[in-house]
Amino acid sequence: MKSTDRLFGSLELLIFKTLAAGPHHGFGITLHVETVSKGLLHMEEGSLYPALHRLERERLISGEWRQTDAGRRARIYTLTAAGRKRLAESEASWSSVSLGIERVLRFV
Amino acid sequence: MKRAIVWLRRLFHRDSAWQEEIESHLAMRADWHQAQGVAPDAARTRAAREFGSPLRALEAVRAVHRAPWLDALAQDAHHGLRVIRRSPAFSLAAMATLAVGIGASTAVFSVVDLLLFRSLPYPRAERLVSVGFSGPIDNNEFNVGNAYLDWREHQRVFAAMTSMYPAGECDLGEAPALRVPCVQVESNFLATLGLAPAAGRDFHPEDDRPGAPKVALLSYAMWQSRFGGDPGAAGKTILLDDAPVRVSGFLPRTFEMPQLGEADVLLAEQLDESVARAPRFTVFLRTFARLKDGATAETAREQLLPLFEDSVRRYVPPPLQREVGPVVRSLRDRQIHDVKLASWLLFGAVLALVALACANVANLMLARAAARKKELAMRAALGASRGRLARQMFTESLLLSLAGGAAGCVFAWGLLRALVAMAPEALPRLSQARMDGRVLLFALAVSLAAAVATGLLPAWERLSAAALAGWHSAGDGRSWSRPVLVAAQVAISLVLLTGASLLVRSLWKLESESLGFQPRRVVTAAFTLNRHRYNSAEKQDAFYAEVERQLARIPGVSRFALSDSIPPSGGMRGRPFSNMRIAGHPPLPEQGGMVAFRYVTPGYFRALGIPIVAGRDFDEKERSGTDTPLILSQSLARRMFPAENPVGQRIDLDVNGHWQPVVGVAGDVKNSGLADAPQPEYYRLRVNRSDELGLSAVALLETPLDAGVVERWVRRQMAAIDPALPVTIEAMQTKVDRLSERARFLAALIALFAAFGLLLAAIGLYGVLSFLVAQRTREIGVRIALGASPGQIARMAVHQAGVWTLAGMAAGWAASASLERIARGALFQVSPFDPLSLAVAALVLVMAAALAAWLPARRAALVDPAVSLREE
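Residue numbers (our numbering), protein chains in the order written: chain V, 1 to 108; chain C, 109 to 980.
Here it is, written out as structure tokens:
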């Protein structure tokens, strides 16, 4: 387990970014992040669901029970318009934070 | 309830959905591992390990959905409970105080709610009114047959009018028959009330035609006891007064008569118009009506006025015309007219008690908040917002109030049972009072109000910026709110005490009111003959003669008399004063009201100890003569013969030329209740052959024996004469006691509440003073060190208590004076400003206050300067 998901609301950002590509269930989000980060990032699954529910309460994403292709019932989440807006903001702030950190790290 | 279940189910469903979501995640992860070539079991284990604790995740999800205020509330409640547990003495005192206040008010509410607030058991009951004449003989409005027939035909304000004969009784079944309350009502009676029989059919208009076959509706209780509640019993025949009557149906279980009378049998009224309209014959009725939409009792009365005046002109004898008035009033007013004031007084008294209890608890909370000032200041400094702190203090008082309310409900339950046992007939419907949902809701409302009252003041005062900023515990004793609370308690308690002492004094006057006769050692036996079996004057005379012979022989009976009615509660016959003529005198004035009269045997005056103040008593020999003598009451004698000796005068009672000699004058007796002046009356002798004795009589037996012993003898003797005749036996003293029962009930309750109130006020004063002394120990120590004597210190403390008490008493007197007009109606021969009562109330209060102040003052005087200065 890495602590990356605790940094600067990065968990939300990862969820938003994943859902921006299309609706996913919770496990799908986990898998997507693991795959795309080539195993560098591993989501803490226990805290994924509280986060999903909180975002849903804030109407940034919306969930719906559906049948998956594999024939399992799962709750599929979609990014709402408000969520899309929040994604843009978070992405921008993340970029500036990571740029800032990189500059500090590179300063010798 | 249903909504709560739906809500719970949804809550549960939501929770299981969250669980399912987590399970589906685990399953998909396991699937994924399996696809990578892991064995199924190992795949599941690995998925579970990677996920961590699903329970913790579920809990975190729940936390997301839980409302934040609920979290804070739980936290506050938790904290509040801890605070309450930490100071059990304080919490118990506060809860007990609130329990007394809430309990007393809840018990009284359960009684007065039935009288003042709860709707009567009829659909749209607020539109039902009682209609009729107010007159001198009857406390309630009545109607006469011909007037009612006119009104029913011509009125336009009522949707329906209906009538009933005044309550009567009849014999039910075979001998020995059961004497049951039996009322004749018009066929539209139930329909006008908006009711229908529980089984069978209602009366039809045909049933009301004179001469139609008799039909009856039986009460629910009769239906259950006689017919086992069989719905098919309608149509059966029962024996009423020895005549067969068909049962058309049964009344609903909740049925009650609009005048609250008893009725086991309703008979069709069969009001005969030719009889009702006959001259010189009066049919007395009770009449009720349902208002049309939009009409009120007042507008109905106004619109009925022309009809009413016409009836007065045509049907009321001229001497009485000025004494009758039109009445249209709501059914509720009709039912509670003589207890309305008492109900409001009781309710007011308990609300005052609740206010006192709240003031007391608020004071306790203030004291404790002062003690916790450091804690609060610390929490404020650590970032708790004032709103948060206020909410927390409020939660504490809410917990205390709810606990107090719960204990109060238990207390109320006990108190209610005591009330019902104390005076079953003191208030109508008292025996119906229950702790039902409505009453519990009231208790809850009072508890919540108490929480607000006791929580807000401390919160507001303690959370002022200055209080929160201060770290030091010295000073801050000059807050105005606690003295004001104490003064308010004193004021309320003085109002209660004044009310109680006025009522007790009024009761004392009422009970020491001279009855004019001696009720002790007199047993009464009342009966009413069966109309069908004793259908001639001869049969009645023979029966009465036999009763006299048999009852007078009972061993231990020293005096015996027979009368058609007895004092002190009315029920006697009456005639207009102006109907009488005096031989050789001009006619009597027209406005004279009614004169009561009774038919008595010669022993009557001796049996009841009524003095003959002039002339002589009746003589046994006169009963067989033709010269029927009269005895007048003192007040009647004074009115008829202001300047002459009444004895020896001759009077014509009925304008029929039958002149009767006045042989004596008897002392006045209370014949229409304790509070009213005696009605003038005359006594006629029960002669041996009379056709005027009537069907009802009361035997009076003076005996040193126990009423129970006499009762057995009387029953045996009466059964020997007529085994089917029901007899009611009662000690005269019981009858008399019943007259002051209501006044006693009210006085006892208000006195009880005043005592509670006084106790609370004294505790309040004691508490505040003790607190102040404790808080100022340092100051007192300095004063003593500088040379103040213990006496001076004690005076200082007492002085403060005196100022608050006096301020409270001034306010209390002002409040009492403003309630004077209300109080006047509840008092008998006592002015609301009765100096003795006011003085007693004030004295009791001052003594309680002195006692409450003495203990803390003594403690102050005994402060050791060395110890107090070393503190802190």
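C-beta: ideal position from N, C-alpha, C; glycine also.
Just so it is clear, the structure is predicted and the values come from calculations on it, not from any experiment.
The C-beta of residue 62 of chain V comes no closer than 8 Å to any C-beta of chain C.
Contacts with chain V (Cβ-Cβ distance below 8 Å) from the stretch 891-922 of chain C involve no residue at all. Interface with chain V (8 Å Cβ-Cβ cutoff): residue 160 of chain C is included. Put simply, of C:325, C:303, C:294 the residue whose alpha carbon is nearest the alpha carbon of residue 318 of chain C is C:294.
Classified as buried, residue 377 of chain C has 16 or more neighbouring CB atoms from the shown chains inside 10 Å of its CB.
By the CB criterion at 8 Å, residue 371 of chain C and residue 237 of chain C fall outside the cutoff.
If you draw a straight line from the Cα of residue 98 of chain V to the Cα of residue 87 of chain V, it is about 16 Å long. It is roughly 12 Å from the alpha-carbon of residue 924 of chain C to the alpha-carbon of residue 608 of chain C. Inter-residue distance for residue 740 of chain C and residue 754 of chain C is about 8 Å (C-alpha atoms, whole angstroms). Residue C:393 holds the alpha-carbon nearest to the alpha-carbon of residue 367 of chain C among C:385, C:351, C:360, C:393. Along the stretch 16-56 of chain V, the alpha helix (DSSP H) occurs as fully enclosed runs of 4 or more residues at 26-36, listed in sequence order. Restricting attention to C:773, C:735, C:784, C:781, the CA atom closest to the CA of residue 767 of chain C is found in C:735. If you compare the alpha carbons of C:427, C:410, C:216, C:449 with that of residue 688 of chain C, the shortest gap goes to C:427.
Here residue 612 of chain C carries a helix assignment [DSSP, helix/strand/coil].
In chain order, 505, 506, 509 place their CB closer than 6 Å to the CB of residue 559 of chain C, counting only its own chain and leaving out the 5 sequence neighbours on each side. For residue 198 of chain C, no beta strand (DSSP E) run applies; the uninterrupted alpha helix (DSSP H) run containing it begins and ends at 196-220, by DSSP. According to the DSSP secondary-structure assignment, residue 234 of chain C is paired through a beta bridge with no residue.
Here residue 120 of chain C is exposed, its C-beta having fewer than 16 other C-beta atoms within 10 Å.
Using a Cβ-Cβ cut-off of 7 Å, residue 75 of chain V is close to 129 of chain C, given in chain order. For residue 34 of chain V, the closest Cβ of chain C is not nearer than 8 Å. Bounds of the beta strand (DSSP E) holding residue 77 of chain V are 73-79. Here the alpha carbon of residue 957 of chain C sits roughly 11 Å from the alpha carbon of residue 602 of chain C. Considered as a whole, the stretch 603-662 of chain C harbours 645-660 as its complete alpha helix (DSSP H) runs of no fewer than 4 residues, in chain order. Counting C-beta atoms within 10 angstroms of its own C-beta, residue 540 of chain C has fewer than 16 neighbours from the protein chains shown and is therefore classed as exposed. For the stretch 40-53 of chain V, the residues whose beta carbon sits under 9 Å from a beta carbon of chain C are, in order, 42, 44, 45, 46, 47, 48, 49, 50, 51, 52, 53. Runs of alpha helix (DSSP H) with 4 or more residues, each lying fully within the stretch 320-396 of chain C, are found at 328-335, 381-384, listed in chain order.
For residue 57 of chain V, the closest Cβ of chain C is nearer than 8 Å. With its beta carbon at least 8 Å from every one in chain V, residue 152 of chain C lies outside the interface.
Here residue 513 of chain C is buried. Its C-beta has 16 or more other C-beta atoms within 10 Å.
Residue 241 of chain C is bridged by DSSP to C:250, C:434.
Interface flag for residue 92 of chain V against chain C is unset, since no Cβ pair is found closer than 8 Å. Put simply, of C:345, C:329, C:616, C:812 the residue whose alpha carbon is nearest the alpha carbon of residue 321 of chain C is C:345. The Cβ atoms of residue 782 of chain C and residue 847 of chain C lie closer than 8 Å to each other. Here the alpha carbons of residue 37 of chain V and residue 125 of chain C stand approximately 31 Å from one another. Across the set C:414, C:708, C:338, the C-alpha of C:708 shows the shortest separation from the C-alpha of residue 802 of chain C. Distance between residue 247 of chain C and residue 350 of chain C, taken at the CA atoms: about 34 Å.
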